[in-house]
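Here is the structure we will look at, set down as structure tokens.
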Amino acid sequence: MGIVTSTEMFKKAYNGGYAIGAFNVNNMEIIQGITAAAIEEKAPLILQVSKGARSYANHIYLMKLIEAAVEDAEQNAGFELPICVHLDHGDSFEICKSCIDGGFTSVMIDASSKPFEENIALTKKVVEYAHAHGVVVEAELGTLAGVEDEVNVSAEDSSYTRAEDVQEFVERTGCDSLAIAIGTSHGAYKFKPGTNPQLRFDILEDVSNRLPGFPIVLHGASSVPQQFVKMINENGGNMPGAIGVPEDQLRKAASMAVCKINIDSDLRLAMTGTIREYMNAHPDHFDPRQYLKPARENIKAIVQHKLVNVLGCNGKA
Ligand code: G3H
Ligand code: 13P
Ligand code: ZN
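So the working numbering is basically just the index in the sequence shown, starting at one, shifted up by 100.
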């Protein structure tokens, strides 16, 4: 095991009615928090790296930190932790190629903002290169609202996936999994406070009927835990109206054809909330280890909660 593709993970998840958590990583503490949770829960993992994460932390650093997590799990916990290393929202052939050449086992080519034929052509080109190197490819149809690699997609510009397109898209591109838009969105401000957010399970069902056995991916799946929003707001932050996807709806999606659920914002909230609270309580402290340690512990706690209560992938590694 160790660093693997998502192929086997998705097969088991599809048949078992659960999903694999795909968590974004940007530094050592985030990687340690996530992997500690996965080890304790014996859960398979996808660690994903965005273009922004690569430019912040450097591809080689992130790859080596993930390799270190696998090695540490084996040596110190006696556990072969299966991790798929994935490029999140690759926007060009070049970035996908660079990640494939640099040891990732999975890439996303996100050409969902392009016209259908252009999306197919670019996805197909990435699939050909990836498959020739033993790497799997996630593609996307439909547009999510929210912030993606610093580009803001307004709710008006977002659009649900058209179920009638998915079969042709998958057949012509050869992609291994498909991200669809059913009402989730990126970031912490997903829904208006006081509304009752509902994912479009009718679209998910329609898509999965047209693609039997095929793994579906949900982006923008943070639930924006209110305890961390409160922690931020009570300690100098200003995040009114931060609302996420209800966890019971994600659990339902995981029991259907959704095999990969992407979570990033919830981890950022846990880290920022913890650090704000710590700094407020200890204004004279200046050692980063003092606030990064509880931040890492809270990342572990939130990931553990997701693995057990949302994804249902605990004990599946
Ligand atoms: O979907 C976007 C992810 O949350 C990554 O965000 O581009 O700020 O690293 P980022
Ligand atoms: P959130 O912003 O809801 O965490 O979504 C993360 C994501 O989709 C990463 O690709
Ligand atoms: Zn995303």
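The beta carbon of each residue, even a glycine, is placed where N, CA and C say it ideally should be.
Keep in mind that this is a model prediction, so the values were computed, not measured.
Asked: contact_flag[the stretch 371 to 378, the stretch 348 to 357] where n(CB pairs < 8 Å) is 3 or more; Found: no
Asked: Where His382 falls: helix, strand or coil (DSSP); Found: coil
Asked: CB contact flag (Ile361, Ile316, <8 Å); Found: no
Asked: Closest residue to Val149 among Ile363, Gly116 and Glu141 (Cα-Cα distance); Found: Ile363
Asked: Alpha-carbon spacing of Ala136 relative to Lys400, whole angstroms; Found: 6 Å
Asked: Minimum length 3: unbroken beta strand (DSSP E) runs contained in the stretch 111 to 140; Found: 120 to 124
Asked: C-alpha gap between Glu108 and Asp302, whole angstroms; Found: 27 Å
Asked: Leu181 vs Val170 beta-carbon contact at 8 Å; Found: yes
Asked: Where Ile280 falls: helix, strand or coil (DSSP); Found: strand
Asked: Residue nearest to Gln404 in terms of C-alpha spacing, selected from Ile195, Glu377 and Asp366; Found: Asp366
Asked: Rounded straight-line distance, which links the Cα of Ile200 to that of Val227; Found: 11 Å
Asked: Helix, strand or coil at Gln404 according to DSSP, with G and I counted as helix; Found: helix
Asked: Cut-off 7 Å between Cβ atoms - residues of its own chain near Pro144, not counting five sequence neighbours on either side; Found: Met109, Ile120, Pro182, Cys413, Lys416 and Ala417
Asked: Bridge partners - Glu238, DSSP secondary structure assignment; Found: Met208 and Ser277
Asked: Alpha-carbon to alpha-carbon, Pro388 and Glu264; Found: 51 Å
Asked: Buried or exposed (CB count within 10 angstroms, at least 16 for buried), Asp384; Found: exposed
Asked: Distance cut-off 7 Å: Ile303 Cβ against heavy atoms of the ligand 13P; Found: no
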